[in-house]
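Student: With my numbering, you'll find the sequence shown wraps up at 240, consecutive numbering, no jumps. Have a look at this one before I ask anything.
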Amino acid sequence: MMPVNHPESVPTSPLERAVRGALIKLAVLAGLAVCAVIGLGVLALVARSGPPPGQEVTAFRAADERIVAWSGKAGFGNTPEAEALAEELSLRLQTLQKVAFTGGKDEGRRPSLSGGNFITYCQLTDEGACFLVHVPQLKSYKREVRDALIDLAWQSARSVTDGRRSGDALAVGLRGAVLYGGLAAGRADAERPATLANAASVDTTPLHAFFAAPPRGTAAPAITEVHRD
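Here you go:
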C-alpha cells in the first residue's frame with residue numbers, strides 16, 4: 012500500500028515559503044495596529060471620564076478668552092468698577108512701556124493679536140483684585156527685561172487699586188499670543204510680590220483662586236440673630 016502525503020506535509024518551494032512568511036508578518040502588523048487603535052480609544056475614554064475643571068478654572072478661561080485678541084476695547088472686568096480699573100491699568104502700561112522699554116518698538120510692523128494694545132481683564136472680589144494682561148509681543152521681552160516688565164505691571168496694579176483695603180490680595184498675569192509668560196501675586200500693600208514667575212510658560216494656578224469668589228459687593232450679608240424678650 013502506497014503512503015498518502017497530506018497537503019500540509021508536502022514540502023513548499025522557496026517562493027511559497029517567502030509568500031507565507033510575508034503574509035504572517037502582515038497579519039502580525041495588522042494585529043498590532045488594531046491593538047494600538049484600541050489602546051488609544053481606551054486612553055481617550057479615560058481622559059474624557061476624568062474630573063471636569065473646577066468652577067474657578069472655567070471662569071478663569073472665560074476671562075482669558077476676552078483678552079486673546081483686540082476687538083476695539085482695552086478693558087474688561089467682572090463688574091463696572093473692575094472694567095474701569097482694567098482700562099486704567101491698560102492705559103498706564105501702554106504709556107509706561109513706551110517710556111521704559113525699546114523691546115516692542117517695531118511691534119506695529121509685526122502681526123499682533125493684541126493690535127499693539129495692552130488688553131486687560133480685571134477680576135474684582137471681596138478678597139482683592141486679579142489682572143490678566145495681554146502684552147503685545149511679550150516674547151520679545153527676555154530674561155531681566157521681562158522681570159522689569161513684570162515689576163512695572165505689579166507696581167502699576169498696586170497704583171490703580173490704591174485706596175482699597177491694605178490687606179487685599181493682588182495678582183497680575185501677563186500673557187502673550189498663546190501662553191502666560193509672567194506672573195506676580197501677593198498683598199496689595201507689599202512693595203514686592205510674594206509669588207513671582209518668569210518663564211516661557213508659567214503656571215496660572217495662583218490666579219485661579221480669584222475666580223472662585225463672587226464679585227466684590229455681591230457676597231451674601233452676614234446673618235445677625237435678633238433676640239426678642
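We treat Cβ as the ideally placed atom computed from N, Cα and C, and that holds for glycine.
Can you grab the Cα-Cα spacing for the pair Tyr152 / Arg169, in whole Å?
Tutor: Indexing the sequence shown from 1 puts residue 152 at position 141. Indexing the sequence shown from 1 puts residue 169 at position 158. For Tyr152 and Arg169, the distance between alpha carbons rounds to 22 Å.
Student: So, at 6 Å on beta carbons, what are the nonlocal neighbours of Gly126 in its own chain, with the 5 sequence-adjacent residues on each side left out?
Tutor: What you label residue 126 is simply residue 115 of the sequence shown in a count that begins at 1. Contacts found: Trp81.
Student: Can you tell which of Ser123, Ala85 and Pro64 has the C-alpha that lies nearest to the C-alpha of Phe142?
Tutor: Counting from 1 along the sequence shown, the entry for residue 142 is found at position 131. The candidate whose alpha carbon is nearest that of Phe142 is Ala85.
Student: Taking Leu207 as the reference, which of Gln66, Ala164, Ala224 and Asp179 has the closest Cα?
Tutor: As a first step, residue 207 is located in the sequence shown; it is residue number 196 there, counting from the start. Among Gln66, Ala164, Ala224 and Asp179, the Cα nearest to that of Leu207 is on Ala164.
Student: Buried or exposed for Ser101, going by 16 or more other Cβ atoms inside 10 Å?
Tutor: Residue numbering aside, residue 101 sits at position 90 when the sequence shown is read from its first letter. Classification for Ser101: buried.
Student: Using 7 Å as the threshold, is the C-beta distance between Ala210 and Gly197 below it?
Tutor: Taking the sequence shown and counting its residues from 1, one reaches residue 210 at position 199. Taking the sequence shown and counting its residues from 1, one reaches residue 197 at position 186. No.
Student: Does the ligand MG have a heavy atom nearer than 6 Å to the CB of Glu138?
Tutor: You won't find the ligand MG in this model; it holds no ligand whatsoever.
Student: Starting from the Cα of Arg186, find the closest Cα among Pro217, Phe129 and Arg203 and give me that residue.
Tutor: Position 175 of the sequence shown, counting from 1, holds the residue named residue 186. Selected option, being the one with the closest Cα: Phe129.
Student: Quick check: what's the CA-CA separation for Gln108 versus Thr69?
Tutor: The residue labelled residue 108 in the question sits at position 97 within the sequence shown. The residue labelled residue 69 in the question sits at position 58 within the sequence shown. If I take the Cα positions, the gap works out to 31 Å.
Student: Looking at the secondary structure, which residues open and close the beta strand (DSSP E) in which Arg186 lies?
Tutor: The count along the sequence shown starts at 1 and reaches residue 186 at position 175. Annotation for Arg186: the continuous beta strand (DSSP E) segment containing it runs Ala180 to Arg186.
Student: Of the residues Glu138, Leu194 and Tyr132, which one's Cα is nearest the Cα of Pro226?
Tutor: Counting from 1 along the sequence shown, the entry for residue 226 is found at position 215. Pro226 has its Cα closest to that of Glu138, out of Glu138, Leu194 and Tyr132.
Student: Indicate whether Ala97 and Thr136 have their beta-carbon atoms separated by less than 7 Å.
Tutor: The residue you call residue 97 lines up with position 86 of the sequence shown. The residue you call residue 136 lines up with position 125 of the sequence shown. No; because the gap between Cβ atoms is not below 7 Å, this pair is not in contact.
Student: Given Pro64, which residues of its chain have a CB within under 8 Å of its CB, disregarding the five upstream and five downstream residues?
Tutor: Within the sequence shown, numbered from 1, the residue matching residue 64 stands at position 53. Within the same chain, Pro64 has close Cβ partners Arg72.
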